[in-house]
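J.: Here you go, one structure.
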Amino acid sequence: MQTSADLQKKIDELERLIIELQDALQREQKDNSLKSQFIGTAAHEFRTPLTTILNSADFLGMVGRSCDEEKYREHITKIQRAVNYLAEFSEDVLTISKFESSNSFVKPVRFLIDEFCQNLIEEISDTQDKSHRIAFVFSGATTALYHDKHLLQHIILNLLENSIKYSLQKTPIELYATVTSTHLELSVKDQGRGILEEDKQRLFEPFERGSNNYDTMGTGLGLSIVKKSVDILNGTINVKSELNVGTMVIVTIPLLQNTARQ
Ligand SMILES: Nc1ncnc2c1ncn2[C@@H]1O[C@H](COP(=O)(O)OP(=O)(O)O)[C@@H](O)[C@H]1O
Ligand SMILES: [Mg+2]
Numbered sequence: 003m004q005t006s007a008d009l010q011k012k013i014d015e016l017e018r019l020i021i022e023l024q025d026a027l028q029r030e031q032k033d034n035s036l037k038s039q040f041i042g043t044a045a046h047e048f049r050t051p052l053t054t055i056l057n058s059a060d061f062l063g064m065v066g067r068s069c070d071e072e073k074y075r076e077h078i079t080k081i082q083r084a085v086n087y088l089a090e091f092s093e094d095v096l097t098i099s100k101f102e103s104s105n106s107f108v109k110p111v112r113f114l115i116d117e118f119c120q121n122l123i124e125e126i127s128d129t130q131d132k133s134h135r136i137a138f139v140f141s142g143a144t145t146a147l148y149h150d151k152h153l154l155q156h157i158i159l160n161l162l163e164n165s166i167k168y169s170l171q172k173t174p175i176e177l178y179a180t181v182t183s184t185h186l187e188l189s190v191k192d193q194g195r196g197i198l199e200e201d202k203q204r205l206f207e208p209f210e211r212g213s214n215n216y217d218t219m220g221t222g223l224g225l226s227i228v229k230k231s232v233d234i235l236n237g238t239i240n241v242k243s244e245l246n247v248g249t250m251v252i253v254t255i256p257l258l259q260n261t262a263r264q
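Structure follows, in structure tokens:
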């Protein structure tokens with residue numbers, strides 16, 4: 003259960019994101035129709051959670067703490083979930099709108115891929131209360147890479163988040179990083195609910211969610227962020243999934259010319 007200080011922090015963060023988002027949307031509203039369609043859907047997606055927050059806040063405002071504890075908690079939880087959702091949603095929309103802006107070119111730096119992956123696993127495990135044990139497996143001649151860490155981070159975090167969200171607690175998740183002489187291959191494997199064959203292509207479009215997905219919250223933007231990042235890096239994505247057995251997403255990205263070889 004989150005404390006009221008946690009909730010206040012989330013609300014402050016949300017306010018900051020909404021201001022940033024409004025600026026981004028205003029800048030892009032002038033652009034083409036695909037973008038305005040995206041903006042239209044994004045604006046629409048804001049309404050339901052905002053209404054939830056308003057209704058629950060109104061209720062709490064009216065009855066105060068005089069209502070029974072269970073009802074009180076129920077409304078606080080509703081507000082917390084809606085605020086968390088909106089924070090995640092604003093962050094995802096901002097990420098996509100940044101991709102759409104002109105500066106979405108590759109910005110490579112030198113780093114160690116094994117260290118980088120381990121840090122991301124640690125980061126995500128902390129935020130998800132260590133609900134899953136995520137194993138990391140590296141193979142290749144060198145861990146030293148020259149690539150765009152920011153885009154790779156979007157790919158890895160969104161894939162890991164999905165594996166965590168769509169598989170039962172404590173089931174294993176594996177992240178593989180393989181460096182060949184020409185490519186970096188990143189794979190995330192889980193033993194979760196799987197993806198329906200007919201859903202596979204559609205899920206990379208913004209706001210699309212799986213039809214076997216009725217009990218989880220989500221923005222439907224994670225895989226489109228992965229797809230856009232992979233496209234910018236000239237890579238490919240392959241999804242292998244079996245219903246109620248598990249999913250493996252394999253991303254293959256060409257190395258950049260001056261990747262350090264050891
Ligand atoms: N590892 C996975 N296992 C099962 N389903 C998945 C997995 N990854 C993605 N999906 C399906 O793809 C959909 C789209 O994913 P995403 O774009 O990240 O949106 P979100 O997770 O917010 O719903 C999800 O709603 C889910 O149905
Ligand atoms: Mg997701």
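Numbering (this note's numbering), first residue to last: 3 to 264.
Beta carbons: idealized from backbone N, C-alpha and C, even for Gly.
No experiment lies behind these values; they were computed from the predicted model shown.
In chain order, which continuous runs of the beta strand (DSSP E) of length 3 or greater are located wholly inside the region 87 to 138?
T.: Here the runs fully enclosed are 111 to 114.
J.: Are at least three pairs of beta-carbons, each pair with one atom in the region 216 to 224 and one in the region 108 to 117, less than 8 Å apart?
T.: No, they do not touch.
J.: Could you give the DSSP three-state label for Asp-8: helix, strand or coil?
T.: On the sequence shown, residue 8 is found 6 positions in, with the first residue counted as 1. DSSP places Asp-8 in helix when its eight states are reduced to three.
J.: I need the residues with a C-beta less than 5 Å from some heavy atom of ligand 3; please give them in chain order.
T.: By its list of ligands, the structure shown excludes ligand 3, since it contains just ligand 1 and ligand 2.
J.: In chain order, what residues of the same chain lie with their CB nearer than 7 Å to the CB of Ile-20, ignoring the 5 residues before and after it?
T.: As a first step, residue 20 must be located in the sequence shown, where it is residue number 18. Contacts found: Ser-92.
J.: Assign Met-219 to one of three DSSP states: helix, strand, or coil.
T.: Here residue 219 refers to the residue found at position 217 when the sequence shown is read from its first residue. Here Met-219 sits in coil by DSSP.
J.: Since Asn-164 is in the alpha helix (DSSP H), which residue starts that stretch and which ends it?
T.: Stepping through the sequence shown from its first residue, residue 164 is reached at position 162. Per DSSP, Asn-164 belongs to the alpha helix (DSSP H) from 151 to 167.
J.: Applying the criterion that 16 or more other CB atoms from any shown protein chain within 10 Å of the CB defines a buried residue, is Thr-249 buried or exposed?
T.: Position 247 of the sequence shown, counted from the start, is the residue given in the question as residue 249. Burial call: buried.
J.: Residue range of the alpha helix (DSSP H) that Ser-226 falls in?
T.: Position 224 of the sequence shown holds residue 226. Element bounds for Ser-226: 224 to 234.
J.: Does the beta carbon of Glu-200 sit closer than 7 Å to a beta carbon anywhere in chain C?
T.: The chain inventory of the structure shown lacks chain C, comprising one protein chain alone.
J.: With DSSP as the reference, label Glu-47 as helix, strand or coil.
T.: Residue numbering aside, residue 47 sits at position 45 when the sequence shown is read from its first letter. Helix.
J.: Assuming the contact rule is C-beta atoms closer than 8 Å, Val-241 and Ile-157 should be a hit. Round their C-beta distance to whole Å, please.
T.: In the sequence shown, counting from the first residue as 1, residue 241 sits at position 239. In the sequence shown, counting from the first residue as 1, residue 157 sits at position 155. The Cβ separation is near 13 Å, so there is no contact.
J.: If we call anything under 7 Å between Cβ atoms a contact, is Ser-213 one with Asp-201?
T.: Mapped onto the sequence shown, residue 213 falls at position 211. Mapped onto the sequence shown, residue 201 falls at position 199. Yes.
J.: Kindly give me the distance between the Cβ atoms of Leu-16 and Val-85, rounded to whole angstroms, as I take these residues to be in contact under 8 Å.
T.: Here residue 16 is taken as the residue at index 14 of the sequence shown, counted from 1. Here residue 85 is taken as the residue at index 83 of the sequence shown, counted from 1. The pair is a contact, with the Cβ atoms about 6 Å apart (cut-off 8 Å).
J.: Measure the C-alpha to C-alpha separation of Val-232 and Cys-119 and round it to an integer number of angstroms.
T.: Locating residue 232 in the sequence shown gives position 230, counting from the first residue. Locating residue 119 in the sequence shown gives position 117, counting from the first residue. For Val-232 and Cys-119, the distance between alpha carbons rounds to 17 Å.
J.: Check each candidate in Leu-235, Gln-39, Asn-215 and name the one with the smallest Cα separation from Lys-151.
T.: Counting from one through the sequence shown, the residue named residue 151 turns up at place 149. Comparing Cα positions, the closest option is Leu-235.
J.: Any idea what DSSP makes of Ser-189, helix, strand or coil?
T.: Residue mapping note: residue 189 aligns to position 187 of the sequence shown, counting from 1. Three-state result, Ser-189: strand.
J.: Need the endpoints of the beta strand (DSSP E) that Glu-176 sits in, please.
T.: Position 174 of the sequence shown, counted from the first residue, corresponds to residue 176. Per DSSP, Glu-176 belongs to the beta strand (DSSP E) from 175 to 181.
J.: Using a Cβ-Cβ cutoff of less than 6 Å, which residues in the same chain neighbour Leu-245 once the five nearest sequence positions on both sides are dropped?
T.: As a working note, residue 245 is residue 243 in the sequence shown. Cβ neighbours of Leu-245 beyond the five flanking positions: Gly-196.
J.: Closer than 7 Å by C-beta to Ile-136: which residues in its own chain qualify, once you throw out the five before and the five after it? Chain order, please.
T.: By one-based count along the sequence shown, residue 136 stands at place 134. Counting only Cβ-Cβ distances below 7 Å, and skipping sequence neighbours, we find Ile-123, Ser-127, Leu-162, Ile-175, Leu-177.
J.: Going by DSSP, what residue range makes up the beta strand (DSSP E) through Thr-249?
T.: Start at 1 with the first residue of the sequence shown, and residue 249 comes out as number 247. Per DSSP, Thr-249 belongs to the beta strand (DSSP E) from 248 to 256.
J.: Give a yes or no on whether the C-beta atoms belonging to Pro-51 and Leu-88 are separated by under 7 Å.
T.: Counting from 1 along the sequence shown, the entry for residue 51 is found at position 49. Counting from 1 along the sequence shown, the entry for residue 88 is found at position 86. Contact flag set, yes.
J.: Would a C-beta distance cut-off of 7 Å place Arg-112 and Tyr-74 closer than the cut-off?
T.: As a working mapping, residue 112 is identified with position 110 in the sequence shown. As a working mapping, residue 74 is identified with position 72 in the sequence shown. Contact flag unset, no.
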